[in-house]
Each structure stands twice: as C-alpha cells, then as structure tokens.
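First the structure, in the form of structure tokens, and then the observations on it.
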Amino acid sequence: MQKIPTLAKTLIAFSVGLSVAAAMPSAQAASLVPQLEGEVQTNLGCLDPNQCIDTTSLGYTVTSLDFDGAGGYGPSRLFVDTRSTSNIYEGQGLKVSFGTKDAGTNPALNEYWFRPVAITESGNLPESGQLEVGRFLLEFTEVMSEITLDFFDVEDIGTAILMLNGEDITDLVLQASKNNGIQSLTLHNVKSFEVQLGNTSSSKFPKTGDGVNLRGNVVPKPVPEAGTTVSLGALVVVSLFGLRRRGKTASVA
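What the sequence shown shows, in mature numbering (1 follows the signal peptide of the UniProt record, and there is no 0), is residues -29 to -1, 1 to 224, in sequence order.
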C-alpha cells in the first residue's frame, strides 16, 4: 500500500475539517409567529381575505382540527394578535373582535402570539370570540432542528402536544399554573406537531373555559454548502498532485 506523505496527511485533515465546518453553518432561530396581526390561513380559509396571513412563505402550514369530536366544538380559527391594537375580523357570518384587553388572557403589550378562537359546531362564537382554545396541526416543509414553544396562561389541564412527526405523544401535557404565567417546552427534529391549546370543559373555569395563547422559535437544520465543500476537496487533490510531482522529480535527480 502506498504511503501518504506527512504533509499530505496534514492537508487532508485540514481540508476535511474545513469541509465539515463549512457544511454545518450555525443555524439562526426565527419566530414561529408572523410579526403582523391577522388571521392565519388554515383549511378553514380566512374570514377576511384582506387580513389573511399565508405561512407557507415561512416554511409551514396550519390545519385546524375538530376540537372535541361530538363535544360541541368544531375546528377553531387561529389569529396573530398583539394587545397594543384593537382588531375586527368579519366574514362568513362571523364577527371576531379583539380589544386591547381580553376577558382573561392578556399577554404583554407589543408581543405577537397565536390566538385561537373557539367555534361551536353550530357556528357560534363562545364569549364573543374570547374563548381561546383550539387544536392545530403544523407541518413544516423541512425538518426543524429545534422548536421552543411558549404557552401563555395555562391554568388548567388540557393544553398539550398530542402528536409529534405523526406519532402519538402522551407525556407532553402542560400542568396547571398561575394566571398569566408562561410555560415552555422544546421539541427536536420536528417535521410536524399537533397541539391543543386550552380546554373548553375546564374544571377550574366551567363557564368560561381555559384560554391559552402560543408563540415559539424555530431553528432549522444546518444544510451543506456544496460549493464550499467541493472547492476544499479540490484543494486536497491539488495538494497531493503537487506532492507526487515533487516526489518524481526528486527520484529522477
């Protein structure tokens, strides 16, 4: 077996090290929540097309799921809201009004949160649109290395991650906490997740339910930079070729 000169070994190790580093650039976290107010486009469409947020440009889609089967609540609508402004969304026979102060769930001003709005199977808005419960499936075009989720105002059992990458999850149920508190959890290697926000049949709030808002940050998986890796590979080839030529010249002399 032909021996590789020491300098060639050094160049190979150096180039491979650079190639690995180039192929794994540091990934930057981005907000899961669009930084503008409006209704998130789901399978339900939007009440007002002029106030509709399409998340496909952010790399994911949202599907609204039936909340509790035959329990009286169907798929919820999902909005992005900040308490710094009041907003009205109207269409399809519904009118959703958000003020700068909610009946129970009030994040800090100027923070953007996903805000679900419960709808009964008969098409009514409980609490005039202020019952913040829903069940949603988020599907990403690429696998996310990490997703950190913040749940605002979980005061009763019910809020949970129900599925992760198509598999049922039983141990990611959030515990009841204090009013206006924030609980966080982190998911890894995520292609999709199903989340339930709040609870309509709340034991703590039987008349109003337990409303919960959601926000989060996503970190995409690093992707190889092919051009940089190829050029570094070429560096190894050129280096070895130069060493071989010098070796032949020395032997002829």
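Beta carbons are placed, not taken as given, at the ideal position from N, Cα and C, and that holds for glycine.
In this text, all values refer to a predicted model and were calculated from it rather than measured experimentally.
The secondary-structure analysis by DSSP pairs D127 with nothing; it has no beta-bridge partner. Counting C-beta pairs closer than 8 angstroms gives fewer than three between the stretch 138 to 150 and the stretch 93 to 113, which falls short of the contact rule. Excluding five sequence positions before and after P5, the CB atoms of its chain that fall closer than 6 angstroms to its own CB belong to I24 and V51, given in chain order. Inclusion of V183 and L168 in the CB contact set at 8 angstroms is warranted, their separation being smaller than that value.
Residue state for P97 is assigned as helix, using DSSP reduced to three classes.
Cα atoms of G42 and P193: separation of roughly 43 angstroms, rounded to the nearest angstrom. Where S174 is concerned, there is no enclosing beta strand (DSSP E), because DSSP gives it neither an H nor an E. Rounded to the nearest whole angstrom, the CA to CA distance from E82 to F123 is 11 angstroms. For Q63, the three-state secondary structure derived from DSSP is coil. Restricting attention to Q63, F176 and V166, the CA atom closest to the CA of T34 is found in V166. The C-beta of G70 has fewer than 16 other C-beta atoms within 10 Å across all chains shown, which makes the residue exposed. Scanning G30, L36 and A(-1) for the CA closest to the CA of V88 turns up L36. Under the three-state reduction of DSSP output, L133 falls in the strand class. Taking every protein chain shown into account, the CB of S93 has fewer than 16 other CB atoms within 10 angstroms, so this residue is exposed. For G187, the enclosing beta strand (DSSP E) starts and ends at N184 to P191. Boundaries of the beta strand (DSSP E) harbouring D52: R48 to D52, taken from the DSSP string.
About 6 angstroms separates the beta carbon of G129 from that of D181, a gap short enough to meet the 8 angstroms contact definition. Contact between I132 and F164 holds, with the beta-carbon distance rounding to 6 angstroms and staying under 8 angstroms. Counting the other Cβ atoms within 10 Å of the Cβ of E103 gives 16 or more, which makes it buried.
Your pair K162 and F107 does not check out as a contact, with CB atoms roughly 15 angstroms apart and the cut at 8 angstroms. Of all alpha-carbon atoms in D127, V125 and L156, the one lying nearest the alpha-carbon of E117 is that of L156.
As DSSP reads the structure, L109 sits in a beta bridge with V33 and F164. Looking at the DSSP output, G16 bridges to T13.
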